[in-house]
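So the sequences go chain by chain: F and U. For the first sequence, the working numbering assigns the number 1158 to the initial residue and increments by one for each residue that follows. For the second sequence, the working numbering assigns the number -13 to the initial residue and increments by one for each residue that follows. Here a beta-carbon is modelled for each residue, glycine too, at the ideal position from N, C-alpha and C. I have placed the structure first, in the form of structure tokens, so that the comments after it can refer back to it.
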Amino acid sequence: MCRMNVLMPPQRRVLVPLAVALALVAAAVSLWITAPGAGTRSLGAGNTDAAPPAGGIGKRTEQATWTVKAVPAKVDQAITEAQRKAVSAQKQPVTSTVKAVVDASLLDAVALKSLGGKELTEGVANALAHERLGAPQGAKDILITRRAAYVGIDPISSRRAAADVTVGFKATIDGRVKRFSQVYTLWLTQSDGRWQVSAFTGDRYMVKPKPDEKNKNGPGKDGPGDGSGKASRTKGDKGDGGKRGGGG
Amino acid sequence: MRRRAVVLMLVIACISVLVPTIGAPSGAANIVVGRVHSEYGPTDGKIFVLVIGSDARYGNPDGANADAIHIVGINTTTGRGGILNFPRDSYVAIPGRGSGKINEALLYGGPELVAQTVENLTGIKLDYWVLMGFEGFRGLLKDLGGGVQINLPYAIHDYGSGANLNAGKQRLLAEASLSYVRSRKTLPGGDIARTTNQGRYLLALLRKFQGDVNANPSSLFRWITTTQRWTRLDLRPEELFDLGILASQVKPKKIKSVTVPVSLGTVGAASVVFISPTANSIYANFRKHGSL
């Protein structure tokens, strides 16, 4: 706050406070623009708990906070202190990749494509897009109710990791609110300092809606969708280019 | 390369079943893996691995016949596979040796000659061979821990192998597993039944692996380090990782174990089995699809 001089000419006594007020407004606007969840943001590695709002651009809805645990994987030998430190150094980058990939697969198909060649190998990106792992087709107003990941990092190399991810979300499909649970296994490798998902498996389950979410047409009617309680399993690995199937 | 790695891991993980024997070299490594051809490449996404068990052992280092011979094949596109089992007394052409029992090829020319013999017999181009002995099998299973869950169709009480197993579902620990895959003397069908049992055990081991990895994906790293501990192989860790991922995705139900059809006979004073001509269609199918 500048100190106003009582000896200032009259014109300045008006202009200075006005300038200060404008500066304050400008600062407030800039803070609002850069706040998480506001406006449009693209996902990328390093994006934290703030995912794009449900429903895509422009709609602000808070998604569930990520619960992530990253640990050195258990192996058949003692882990040295140096190996433990090396694993610790990778916790943040690998968990960022996991979060980015999962969030993109659920909420932002455009961002998912952009992750190809970066957080995803091209083969996995194609497979994810092809298999539509994530929200079912036609889903709107996606709200993630739970996001949890348990990541085991190979302590021998610190360049390979496996992530066990569970996501709960609800979405509106054909005017009906449906709840889903999705479980991913992501296999990650690191090269040139970048973590990539090189293979994945996923299962999606439909979960019984809450009483206040039951369809307007009556309870028990799920309508089109995944089929009550039946899992759809998809797999992909880096060489697949979108093909599914065991072993690649 | 990656596809091969997958099948190879599958084979290594299962290997223990196969063979009782081989005079284990000093040191922990008692499983050896090699490439059949220096130049190789996956053929339409199919990988074939020859798994060999030898009867050489401590106290009988000169004996080095192959007591177990299996081709493990996987079609990495369809996720289907097969295990083709050869009775050890199968009378076949052995390159450079005329004809003889298939298990003698190991003694004459090592795993390479066994691979060549099997390739000539089946027309299947093999990618890797894996040679397994007692110590590697036992050590691998002990370190993995937890035993292997298996459903035995009949009881086995075999004085030769030390097996004392009831029929039904049970968990076989390392020693029981070894005795199971070695048993033949009291089995109806003798060595042929043993070969079939080994295939059954292989699939049980795959289920164990998948159970561990499905429950905790990062347990793959423990499997990798344990396998490396008991195996001498020229695969890079990245290949083992890829192998493990693919092995975790192959469904045991999509892998069929088949023993080549044979008939009993003799050649001179030796008891042998003659492979039926109908096996040719099995070879052709396996060669074409990578599955049975």
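Item                                                                                                                                                                                  : Value
Mind reading off the beta-carbon distance from Pro1250/F to Trp1352/F? Whole number of angstroms is fine, and I expect it under 8 Å.                                                  : 5 Å
Which same chain residues, not among the five before or five after Val1324/F, have their C-beta less than 7 Å away from its C-beta?                                                   : Val1259, Leu1263, Ile1301, Arg1303, Arg1304 and Gln1339
Less than 8 Å between C-beta atoms, sequence neighbours within five positions excluded: which residues of the same chain meet that for Ser249/U?                                      : Val259, Phe260 and Ser262
For the alpha helix (DSSP H) containing Thr108/U, list its first residue and its last residue.                                                                                        : Glu90 to Thr108
Spatial neighbours of Ala10/U within its chain, please: C-beta separation below 6 Å, excluding the five flanking residues on both sides.                                              : Reliability of the predicted coordinates at Ala10/U is poor, the pLDDT of 32 falling under 50, and the value obtained from them is presented with this limitation in mind. Around Ala10/U: Asn16, Gly119 and Glu121.
Check whether the Cβ of Pro203/U lies closer than 7 Å to any Cβ atom in chain F.                                                                                                      : yes
Is the stretch 30 to 41 of chain U close to the stretch 107 to 119 of chain U, with three or more CB pairs under 8 Å?                                                                 : yes
When you compare only the Cα positions, how much space is there between Asp1349/F and Leu1272/F?                                                                                      : 16 Å
Look at the alpha carbon of Phe227/U and the alpha carbon of Phe207/U, and state the distance between them as a whole number of angstroms.                                            : 8 Å
Smallest Cα separation from Arg1317/F: which of Val58/U, Pro223/U and Gly148/U?                                                                                                       : Pro223/U
Decide if the stretch 166 to 181 of chain U is in contact with the stretch 138 to 149 of chain U; the criterion is three or more beta carbon pairs, one per stretch, under 8 Å apart. : yes
Using the rule of at least 16 other Cβ atoms within 10 Å of the residue's Cβ for burial, across every protein chain shown, is Pro174/U buried or exposed?                             : exposed
Of all the CB atoms in chain F, is at least one closer than 7 Å to the CB of Ile17/U?                                                                                                 : no
Going by DSSP in three states, Val236/U sits in which element: helix, strand or coil?                                                                                                 : coil
Going by CA-CA distance only, name the one from Lys1297/F, Gly1309/F and Ala1261/F that's closest to Ala1286/F.                                                                       : Ala1261/F
For Asp1349/F, which residues in chain U fall below 8 Å Cβ to Cβ?                                                                                                                     : Those do not exist, as Asp1349/F stays about 14 Å from chain U at its closest Cβ, beyond 8 Å.
Per the DSSP calculation, Gly251/U is bridged to which residue(s)?                                                                                                                    : Val258/U
Starting from Gly86/U and walking both ways along the alpha helix (DSSP H), at which residues does that stretch end?                                                                  : It is not in any alpha helix (DSSP H) - Gly86/U instead sits in the beta strand (DSSP E) that spans Gly84 to Lys87.
Are the C-beta of Ile57/U and some C-beta of chain F separated by less than 7 Å?                                                                                                      : no
Just to confirm my understanding: we take Thr1342/F, look at its own chain, exclude 5 residues before and 5 after, and list those with CB closer than 8 Å. What are they?             : Ala1319, Ala1320, Asp1321, Val1322, Phe1357, Thr1358 and Gly1359
Tell me the start and end of each unbroken alpha helix (DSSP H) in the stretch 124 to 198 of chain U that is at least 4 residues and wholly inside, in chain order.                   : 160 to 168
In whole angstroms, what is the alpha-carbon distance linking Asn200/U and Gly67/U?                                                                                                   : 20 Å
Please decide whether Asp1311/F counts as near chain U, where near means a Cβ-Cβ distance under 7 Å.                                                                                  : yes
To be precise: take each residue of the stretch 224 to 235 of chain U, compare its Cβ to all Cβ atoms of chain F, and keep it if any distance is under 7 Å. Which residues remain?    : Phe227, Ile231, Leu232 and Gln235
Just to make sure I have the definition right: I need the residues of chain U whose C-beta is within less than 9 Å of the C-beta of Lys1231/F. Which are they?                        : Asn202, Ser204, Ser205, Phe207 and Arg208
At the 7 Å Cβ level, is Gly1213/F part of the contact set with chain U, yes or no?                                                                                                    : Annotation note: pLDDT 44 at Gly1213/F (below 50); position unreliable, no value reported.
Cβ of Tyr94/U within 6 Å of any heavy atom in the ligand FMN?                                                                                                                         : Looking at this structure, you won't find the ligand FMN or any other ligand, since it has none at all.
Of the choices Ile60/U, Val18/U and Ser40/U, whose alpha-carbon is the least far from that of Lys237/U?                                                                               : Ile60/U
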